[in-house]
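The structure appears right after this line, and notes come after that.
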Amino acid sequence: MKDETRATQAAAEEAQAAQAAADAAAAPEADAEGAEPVKDTAGQGEAEAGQEPDDAQALQEKLNAMAAQAKVKDEKMAEMEKRLLRLQADFENFRRRTANEKAELSTYVTMDVVAKFLKILDNFERAEASAATAQDVKSVTDGMTAIMKQFRKALDDLGVKEIPAEGRKFDPQYHEAVMRGQNPDLEEDTIDAVFEKGYELNDKVIRHSKVRVISKE
Numbered sequence: 005m006k007d008e009t010r011a012t013q014a015a016a017e018e019a020q021a022a023q024a025a026a027d028a029a030a031a032p033e034a035d036a037e038g039a040e041p042v043k044d045t046a047g048q049g050e051a052e053a054g055q056e057p058d059d060a061q062a063l064q065e066k067l068n069a070m071a072a073q074a075k076v077k078d079e080k081m082a083e084m085e086k087r088l089l090r091l092q093a094d095f096e097n098f099r100r101r102t103a104n105e106k107a108e109l110s111t112y113v114t115m116d117v118v119a120k121f122l123k124i125l126d127n128f129e130r131a132e133a134s135a136a137t138a139q140d141v142k143s144v145t146d147g148m149t150a151i152m153k154q155f156r157k158a159l160d161d162l163g164v165k166e167i168p169a170e171g172r173k174f175d176p177q178y179h180e181a182v183m184r185g186q187n188p189d190l191e192e193d194t195i196d197a198v199f200e201k202g203y204e205l206n207d208k209v210i211r212h213s214k215v216r217v218i219s220k221e
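The opening residue of the sequence shown carries number 5 in this note's numbering; numbering runs sequentially from there.
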């Protein structure tokens, strides 16, 4: 009976030893399965280190491109400023030249007008001198008539025309009424007398005719 009990205990001990050996063998595998994988930080660092120079180069290229664009814009602005200055100078020269030409033209026109009337003035002076010693009044009158014809011709050459007035209807565009009168033979607003003749140049009134106008009131 004792032998059987010993045999049973020995068998149990052998079983426990086998179980322990099996558990010991399985432990490293479990540790391996539960452990976190080791990261390759060295490789990642090298990749990041290689990327940084690329980013810096791209940024530098972008800055260079922006600087080139700014330079082009500055050059265009400078060119536009030069063109503007040239245009201003050309306009100022044109303005001065136009003003000078206008002044010269006015001078030439005035000289031409004065030249025409100087001849008339010469004839008036001759007539005045001859009238002081003339015995014949008719000769003086004829001289004055000739001068008046010359004067009217000078005005006509300049395009100056007398404004018709007497016997016409009053027109405020050409006439200035300085007096009202009555005449049963004339219609109302008819001009029956001219006190000062009016003149026009190229349809522009130089001086209105001063007239008397018929009124039925």
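No residue lacks a Cβ here, since even glycine has one placed at the ideal position from N, Cα and C. Predicted model, so just to flag it, every value in this text is computed and none were measured.
Going by DSSP, residue 205 is part of the beta strand (DSSP E) stretching over 203–205. Within the segment 88–136, there are no complete beta strand (DSSP E) runs of at least 3 residues. Annotated three-state conformation of residue 65 is helix, per DSSP. Proximity of the segment 177–192 to the segment 144–159 falls short of the contact definition, fewer than three beta-carbon pairs being nearer than 8 Å. Under the DSSP assignment, residue 165 falls in the beta strand (DSSP E) whose first and last residues are 164–166. Here residue 69 is exposed. Its C-beta has fewer than 16 other C-beta atoms within 10 Å.
Our two residues, residue 156 and residue 195, have alpha carbons roughly 23 Å apart in a direct line. Around the C-beta of residue 213, 16 or more other C-beta atoms lie within 10 Å, and the residue is accordingly described as buried. In the DSSP assignment, residue 147 falls within the unbroken alpha helix (DSSP H) covering 141–161. Look at the beta carbons and you see the segment 167–181 not touching the segment 129–137: under three pairs across the two are nearer than 8 Å.
At a Cβ-Cβ threshold of 9 Å, residue 193 and residue 210 do not count as neighbours. Pairing residue 132 with residue 201, the inter-Cα distance amounts to about 25 Å.
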